[in-house]
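J.:
2 protein chains.
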Amino acid sequence: MSAGERELIKRIRESVGTPGRTTLVGIGDDAAVFEPVPGLGLITCDAFVEGVHFRRDFATFREIGTKCMIANISDIAAMGGFPTRAVVSLCIPAHITENDISAIYDGLLDACRRFSFDIVGGDIVSSPRDLVISITLMGAARRDRVVTRSGAVVGDAIMITGRIGGAEAGLRALTEGLPQEDAVLKTVRRHLRPIPRVAEAQAFLDVATPHAMIDISDGLGSELWHLADESGVGVRIEASRIPIDESAITVAEKIGCSALDLAMGSGEEFELVVTIPRSEMSRTVEHMAAVTGTTATYIGDVVDAKEGCSIVGSDGSREPLERTGYEHLGGVGKGGDEE
Amino acid sequence: MSAGERELIKRIRESVGTPGRTTLVGIGDDAAVFEPVPGLGLITCDAFVEGVHFRRDFATFREIGTKCMIANISDIAAMGGFPTRAVVSLCIPAHITENDISAIYDGLLDACRRFSFDIVGGDIVSSPRDLVISITLMGAARRDRVVTRSGAVVGDAIMITGRIGGAEAGLRALTEGLPQEDAVLKTVRRHLRPIPRVAEAQAFLDVATPHAMIDISDGLGSELWHLADESGVGVRIEASRIPIDESAITVAEKIGCSALDLAMGSGEEFELVVTIPRSEMSRTVEHMAAVTGTTATYIGDVVDAKEGCSIVGSDGSREPLERTGYEHLGGVGKGGDEE
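First to last, the protein sequences are chains A and B.
Those letters in the first sequence? Residues 1 to 339, by my numbering.
Those letters in the second sequence? Residues 1001 to 1339, by my numbering.
This is how it looks when you write it as structure tokens:
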């Protein structure tokens, strides 16, 4: 290890700070040591590659770091849990400076602080060409509050949090270099700084009995297929009910595409799709608004597996839902999610 | 996700199999869910990059997968723990086939089976150019049996398991294309198929009170510096006591380099360096041999920080230990370990 590398790691250890009291050994040993959190343990991991998942001409390193961590927080939220601690591996090509690495860490730590958990370990290695940020996030959930994507029941109402399409609209606006008007700026912000729905997942659990939950990281169409496949059911959603972000509609007009298509394929938005008994719909909508300020919208129903996954248009026509998800950065590469 | 990607993930889920009963949700959801293991939790991560940490002309994908997992198991062993579950992120450039990915997984799973733990989650993403295998391994340790690298005490004896130099000799033999004689083949095997010292770490704990423990992944010289820095001590080792692998000595002769230099810089050997009270030395050596068949060798002493880290030659001359560690694949790149 060179003097420069040692200095960098010292800098990172300082910015990461002293971990909370449940972490007995943090960065700096062969492994981190911690007191297990009460309840069930959760673990998820995601890798983010420059040119596939992020572009440095679209976002600062700090924004990139935050967004990578938030994608993992969203996965923990979608199980009904809270994040507890993270480890981070960075693969660094020669053109990345130590200040760049510090900026990535600053971004990662912004997300950690917002959700009160620590980075407890990591690895920094060189790579010949590609910059890779690989995060593993642990979490915890109460034993009776874990929700998988495989429990959807025929007859369930399908609910979605917030409004979708903004993240994809923002990415398209950046890619096509749209003039930075208000609506455009809003969608760009949505793309660069998504919000994981930790509190919203808990709100579902507080007043309803969610049967299945998944976060939208690869687009609503794709996630509904995942949920249906894993639950052994079909889904039928109504196009007119899908809550599309208003700024996304404006951007869709500007670039001349269908706002619905844009919304259905919008990835990394991190809204939640949740199936609950129909009888719990109205109290869920009310509680969600009251506690989180976020909308919960009914978009369709869980149906028999034989029906497959379909979307009903406003004219009553029914089309199969497209399986293909979000292609990160519009086709530079694809992110296939094993989890 | 394309049909091919879905098929691949199905194949991986099948080869990973049903996880043990403490894993409630494995691959296939937003996060894995598990019962926390009694005792303290451990977590470590490492990223491995083609051309930096491994070469496909030197090893099969299966061997590469196994070795990457073993590097992580070694980190858990060096804390006094046992591996419990892993998550794996793969960044896959276009030239890697689905069979290659399956072979990597087969290798990862070989290591998992040998140490009785599961892969419970992962992520497969595309990368523009570099192949990256990123592993996070969790472990568990009894509360009274965690050993850090920061507890070495002045006066401790420094012990090392097994014999070193073989891994580096094997890598050099491959790099220089040495004819595949017996000694060469032995070192190549040592390079490609290292063994993590899980049982040996426990043997230390059974009969001694290890104050500090670290695994050799970046070379003995470098690891002794880490241990000294973190413990706030110095170390003085004796060159003549260092147990150098016999085949490594043969290879060193063939390539015309010093066997000692080769051994001191030999990385990814995964032997353990442990400091214990001097009074516990002989019973440790006996117990280690009896229980594991592995040697434990005294190589020097923990000294005051003022003395720094030094190596005493057979002529009594004393030189500072070099800080620089192992350069993976002989300088193609460097692996700086944050942990």
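Don't be surprised by glycine CBs; every beta carbon is placed ideally from N, CA and C.
Comparing alpha-carbon positions, which option in A:Ala201, A:Ala78, A:Ile27 and A:Pro38 lies nearest A:Ala86?
T.: With distances taken between Cα atoms, A:Ala86 lies closest to A:Ile27.
J.: List the residues of chain A that B:Ile1214 touches, going by C-beta distances under 7 Å, in chain order.
T.: In chain order: Asp30.
J.: Got a sec: is the Cβ-Cβ distance from A:Ala78 to anything in chain B below 9 Å?
T.: So yes, A:Ala78 belongs to the interface.
J.: Whose C-beta lies closer than 7 Å to the C-beta of A:Val184 among residues of the same chain, with five residues either side of it excluded?
T.: Only Ala173, Leu178 and Val251 meet the Cβ criterion.
J.: Please state if the CB of A:Pro93 and the CB of A:Arg56 are separated by a distance shorter than 9 Å.
T.: Contact flag unset, no.
J.: Does DSSP put A:Asp261 in a helix, in a strand, or in coil?
T.: A:Asp261: helix per DSSP, three-state reduction.
J.: Any chance you could list the alpha helix (DSSP H) runs of at least 4 consecutive residues sitting entirely within the region 32 to 103 of chain A, in chain order?
T.: You should have 61 to 77.
J.: Leaving out five residues on either side along the sequence, give the residues of the same chain with a beta carbon under 8 Å from the beta carbon of A:Asp206.
T.: Only His287 and Val291 meet the Cβ criterion.
J.: Between B:Pro1320 and chain C, is there a C-beta pair that is closer than 9 Å?
T.: In the structure shown, chain C cannot be found, because the protein chains are A and B.
J.: Starting from B:Ser1222, trace the alpha helix (DSSP H) in both directions and tell me its first and last residue.
T.: From DSSP, the alpha helix (DSSP H) with B:Ser1222 extends over Leu1220 to Ser1231.
J.: When DSSP builds the beta bridges, which residues end up paired with B:Arg1013?
T.: Beta-bridge pairing links B:Arg1013 to no other residue.
J.: Specify the secondary structure class of B:Leu983 as computed by DSSP and reduced to three states.
T.: This structure does not reach residue 983 of chain B, given that chain B is present from 1001 up to 1339, and the question cannot be answered.
J.: Among B:Thr1018, B:Ile1124, B:Ala1169 and B:Thr1136, whose alpha-carbon lies nearest the alpha-carbon of B:Cys1257?
T.: Closest by alpha carbon: B:Ala1169.
J.: Can you name the residues of chain B whose CB is closer than 8 Å to the CB of A:Arg129?
T.: Here the neighbours are Pro1128, Arg1129 and Asp1130.
J.: Quick check: what's the CA-CA separation for B:Thr1187 versus B:Met1264?
T.: Approximately 15 Å between the Cα atoms of the pair.
J.: Have a look at the DSSP bridge pairing and note the partners of B:Val1273.
T.: B:Val1273 pairs with B:Ile1160 and B:Ile1214.
J.: Rounded to whole angstroms, what's the CA-CA distance from A:Lys10 to A:Phe34? Just pull it up for me.
T.: Taking the straight line joining both Cα atoms gives about 21 Å.
J.: Would you mind telling me which residues of chain A sit closer than 7 Å to B:Ala961, beta carbon to beta carbon, in chain order?
T.: In this structure chain B extends from 1001 to 1339, so residue 961 of chain B is not present and cannot be described.
J.: Which of helix, strand or coil does DSSP assign to B:Thr1022?
T.: B:Thr1022 falls in the coil class under three-state DSSP.
J.: Taking 6 Å as the limit between beta carbons, can you name the residues of its chain near B:Gly1221, skipping five residues before and five after?
T.: The residues are Met1264, Leu1321 and Glu1322.
J.: Reducing DSSP to helix, strand and coil, say where B:Thr1294 ends up.
T.: B:Thr1294: coil per DSSP, three-state reduction.
J.: Could you tell me if A:Asp118 is buried or exposed, where buried requires 16 or more neighbouring beta carbons within 10 angstroms of its beta carbon?
T.: By the neighbour-count rule (16 or more Cβ atoms within 10 Å), A:Asp118 is buried.
J.: So, at 8 Å on beta carbons, what are the nonlocal neighbours of A:Ile276 in its own chain, with the 5 sequence-adjacent residues on each side left out?
T.: Around A:Ile276: Asp156, Ala157, Met159, Phe204, Ala208, Thr209, Pro210, His211 and Thr284.
J.: On the criterion of 16 or more Cβ atoms from any shown chain inside 10 Å, does B:Glu1223 qualify as buried, or is it exposed?
T.: Result: buried.
J.: What residues in the region 157 to 168 of chain A have a beta carbon less than 7 Å from any beta carbon of chain B?
T.: So nothing in the stretch comes that close.
J.: Run through DSSP, which three-state label would B:Arg1142 get?
T.: Of the three classes helix, strand and coil, the one that applies to B:Arg1142 here is coil, per DSSP.
J.: Output, in chain order, the set of chain A residues within a Cβ distance shorter than 8 Å of B:Ala1047.
T.: What B:Ala1047 touches in chain A: Ser89, Leu90, Cys91, Asp123, Val125, Val132 and Ser134.
J.: Which same chain residues, not among the five before or five after A:Thr136, have their C-beta less than 6 Å away from its C-beta?
T.: Contacts found: Cys45 and Val87.
J.: Name the residues in the region 258 to 280 of chain A whose C-beta lies less than 8 Å from a C-beta of chain B; which are they?
T.: Answer in chain order: no residues at all.
J.: For B:Glu1238, does the three-state DSSP call read helix, strand or coil?
T.: In the structure shown, B:Glu1238 sits in a strand (DSSP, three-state: E or B).
J.: If A:Met69 sits next to B:Ile1043, beta carbons under 8 Å apart, how far is it from one beta carbon to the other, in whole angstroms?
T.: Contact flag wrong, Cβ pair sits at about 16 Å.
J.: Smallest Cα separation from B:Pro1019: which of B:Gly1121, B:Ser1074, B:Asn1072 and B:Ala1047?
T.: Ranking B:Gly1121, B:Ser1074, B:Asn1072 and B:Ala1047 by Cα distance to B:Pro1019 puts B:Gly1121 first.
J.: Which residues in the same chain have their Cβ closer than 8 Å to the Cβ of A:Asp215, if we skip the five residues on either side of it in sequence?
T.: Here the set comprises Ser74, Asp75, Ala77, Ala78, Pro196, Arg197, Glu223, Phe270, Glu271, Leu272 and Val273.
J.: For B:Arg1011, would you say it is in contact with chain A, using Cβ-to-Cβ distances shorter than 9 Å as the test?
T.: Not one chain A Cβ lies under 9 Å of B:Arg1011.
J.: Let me make sure I understand the geometry here. Which of B:Gly1300, B:Ser1247 and B:Arg1149 has the alpha-carbon closest to that of B:Gly1232?
T.: The shortest Cα separation from B:Gly1232 among B:Gly1300, B:Ser1247 and B:Arg1149 belongs to B:Arg1149.
J.: By the DSSP assignment, the beta strand (DSSP E) with A:Ser126 in it spans what residues?
T.: Looking at the DSSP string, the run of the beta strand (DSSP E) that includes A:Ser126 is Asp118 to Ser126.
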